[in-house]
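Trainee: Heads up: the sequence shown runs through residues 1 to 95, numbered per full-length UniProt numbering. Ideal Cβ placement from N, Cα and C applies to all residues, glycine included.
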Amino acid sequence: MPALWIAHVTVTDADAYGKYAELAGPAVAKHGGQFIARGGRFVQLEGKERPRNVVAKFPSVDAAVECYNSPEYQEALSHARDASERELMVVEISE
Numbered sequence: 001m002p003a004l005w006i007a008h009v010t011v012t013d014a015d016a017y018g019k020y021a022e023l024a025g026p027a028v029a030k031h032g033g034q035f036i037a038r039g040g041r042f043v044q045l046e047g048k049e050r051p052r053n054v055v056a057k058f059p060s061v062d063a064a065v066e067c068y069n070s071p072e073y074q075e076a077l078s079h080a081r082d083a084s085e086r087e088l089m090v091v092e093i094s095e
C-alpha cells in the first residue's frame, strides 16, 4: 500500500537547510518518492506550528523507511540536523 512521508519543519539555518533540500530531493526520487506538498499554504488547527510542511508519496511504508535509512538521504539529513527542528513520520494510506 502507498504511504505518505510527512515532515513538519522549522528552519533555523536557511543556508545549511538549503543544502539538505538540494540532496534530499534526489534521494526521495531514487526510492520512488514524489513530493505532493512542499512549504505551501497551511492552516494549523492543533499542536505545535511549524512553518514548513512537506508531504511525499512513496509506493509503501517500507520504501519510505528505506529512503530515510539510505546513505543518500542520511547525507542530506546531516545538513538538516543542526539547521532545523523537525518531526517526520510515515503513514500508510488506507485505500
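1) Strictly by DSSP, which residues pair up with T12?
2) Could you check whether G40 and residue 110 sit closer than 7 Å to each other, using their CB atoms as the reference points?
3) Taking Cβ to Cβ, would you say T12 is nearer than 7 Å to A83?
4) Note down, in chain order, each residue of its chain lying with its Cβ closer than 7 Å to the Cβ of K19, except the 5 sequence neighbours on either side.
5) Short of 6 Å in beta carbon distance, which residues of its chain neighbour V54, apart from the five on each side in sequence? Order them along the chain.
6) For A14, count the other beta carbons within 10 Å of its own beta carbon; 16 or more makes it buried, fewer makes it exposed. Which is it?
7) Should Y73 and A16 be called a contact, given that it needs their Cβ atoms to be closer than 7 Å?
8) Compute the distance between the beta-carbons of A3 and S70, then report whether it is under 7 Å.
9) Nearest to residue 140 by CA position, among A63, E85 and E75, is which residue?
Mentor: With the structure as the only source:
1) Within the sequence shown, residue 12 is the residue found at index 12, counting from 1. According to DSSP, T12 bridges with nothing at all.
2) Lying outside 1 to 95, the shown extent of the chain, residue 110 is not represented and no answer is given.
3) Taking the sequence shown and counting its residues from 1, one reaches residue 12 at position 12. Taking the sequence shown and counting its residues from 1, one reaches residue 83 at position 83. Yes, the pair counts as a contact, with Cβ atoms nearer than the cut-off.
4) Residue numbering aside, residue 19 sits at position 19 when the sequence shown is read from its first letter. Correct list, in chain order: H79.
5) Along the sequence shown, read from residue 1 onward, the residue named residue 54 stands at position 54. Closer than 6 Å at the Cβ level, and outside the excluded window around V54, lie A7 and R38.
6) Taking the sequence shown and counting its residues from 1, the one referred to as residue 14 is at position 14. Exposed is the call here.
7) Along the sequence shown, read from residue 1 onward, the residue named residue 73 stands at position 73. Along the sequence shown, read from residue 1 onward, the residue named residue 16 stands at position 16. Taking 7 Å as the Cβ cut-off, Y73 and A16 do not qualify as a contacting pair.
8) Numbered from 1 along the sequence shown, position 3 holds the residue referred to as residue 3. Numbered from 1 along the sequence shown, position 70 holds the residue referred to as residue 70. It is not a contact, given that the beta carbons lie outside the stated cut-off.
9) No answer is possible for residue 140: the residues shown for the chain start at 1 and end at 95.
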